[in-house]
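The working numbering numbers the first residue of the sequence shown as 31 and each following residue consecutively. Built from N, CA and C at the ideal position, the CB exists for glycine as well. I have placed the structure first, in the form of structure tokens, so that the comments after it can refer back to it.
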Amino acid sequence: MTAIERVGVVGTGTMGGGLVQVCALAGADVRVVASGRAGAERAERRLAQSLDRQWAKGRITEAERNAAVARVSFGTDLKSLADRQFVLESITESLPAKQDVFRVLDEVVEDPAAVLASNTSSIPIASLGSVTRDPGRVVGAHFFNPVPVMPLVEIIGSLCTSAAASDRAEEFVTRTLGKQVIRVGDRPGFMVNALLVPFLFSAVRMLDAGVADAEDVDRGMTLGCGHPMGPLALLDLIGLDVIVAVGEAMYAESRDPACAPPTLLLRMVECGLTGRKSGRGFHTYP
Ligand SMILES: NC(=O)c1ccc[n+]([C@@H]2O[C@H](COP(=O)([O-])OP(=O)(O)OC[C@H]3O[C@@H](n4cnc5c(N)ncnc54)[C@H](O)[C@@H]3O)[C@@H](O)[C@H]2O)c1
């Protein structure tokens, strides 16, 4: 199988921006599809700023920075991904929105051996493959936040995913991007979120019940259990709107009450308190 050189990234939010950066620094030609012109321009600016920070910290050279910028092009049309060998969808966590993207990718991506991957945290890979003519090339490739820092990627094959597609995804993610992979089943929350989401939601319920304030819930887990970050700070990093969508998708399938988003979380999202990206969640970010 030929090595993957041409990558597409759909979605330019928290995760999409990180995916573009790691693929470009790894030497891939990256075509990015944003939801609109303004989103594409913002993503282009954010990539340049992020690479500038890496350069200022001495992590990359000026030549590496310039080469990475030159490898990425930004647009809004999924048809521009026709010649891609690996497409990573990383749009909003919504089943109908993701299915719309996979319907189009199925039509436009020409290479039958191309991998159509989703960075979904909780939507069944089978549900994305089901809207395509060839679900064999649809794979889950679940990265962690922040993408340039976190080494893990969960590779998820549905019952219909071909072994070749899962193998190709693993090879790209490990050899080209330098990440580490665990292969997990197409079950609610895959592996990491199946453990993590009930824990994070318990922390919110505990806060709501007045067991401890937000600072102390987080201090309890960092100082007492050696977690690098407390659960409420982690929720702020993930994005409260994102974790609500993840919990809802997991609950819809599993009916496990531990996966149902707590009321406090729902209210915070309704008020626009979505965590770091809005400047305020359980903690504030000036
Ligand atoms: N935030 C996390 O910590 C995290 C971790 C792992 C995986 N994920 C998953 O990654 C995906 C993206 O999450 P995020 O945190 O980056 O969300 P986000 O809200 O930061 O960004 C989503 C982006 O998708 C764009 N978008 C929506 N519909 C689109 C379309 N049809 N075409 C192109 N772009 C579109 C939006 O404009 C937005 O920029 C989700 O599936 C999420 O579950 C998130």
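- Around the beta-carbon of residue 150, 16 or more other beta-carbon atoms lie within 10 Å, marking it buried.
- A direct Cα-to-Cα measurement between residue 261 and residue 140 gives close to 43 Å.
- Annotated three-state conformation of residue 33 is coil, per DSSP.
- At a cut-off of 7 Å, the beta-carbon of residue 199 does not count as near ligand 1: no heavy atom of the ligand is closer than that.
- Distance from the Cα of residue 218 is smallest, within the candidate group 97, 42, 277 and 88, for 277.
- Apart from the 5 residues on each side of it in sequence, residue 66 sits with its Cβ closer than 8 Å to the Cβ of 106 in its chain, given in chain order.
- Its Cα nearest to that of residue 55, the residue 91 stands out among 223, 144, 31 and 91.
- For the set 255, 290, 216 and 221, the Cα lying nearest the Cα of residue 182 is the one of 221.
- The segment 264-272 makes contact with the segment 289-306; the number of CB pairs closer than 8 Å reaches 3 or more.
- Bounds of the beta strand (DSSP E) holding residue 210 are 210-214.
- The shortest CA-to-CA distance from residue 108 to any of 61, 125 and 223 is the one to 61.
- Residue 271 counts as buried, since no fewer than 16 other beta carbons sit within 10 angstroms of its beta carbon.
- The residue from 244, 296 and 180 with its alpha-carbon nearest to that of residue 314 is 244.
- No Cβ-Cβ contact shorter than 8 Å links residue 41 with residue 178.
- Residue 195: not part of any beta strand (DSSP E); member of the alpha helix (DSSP H) spanning 193-201, first to last residue.
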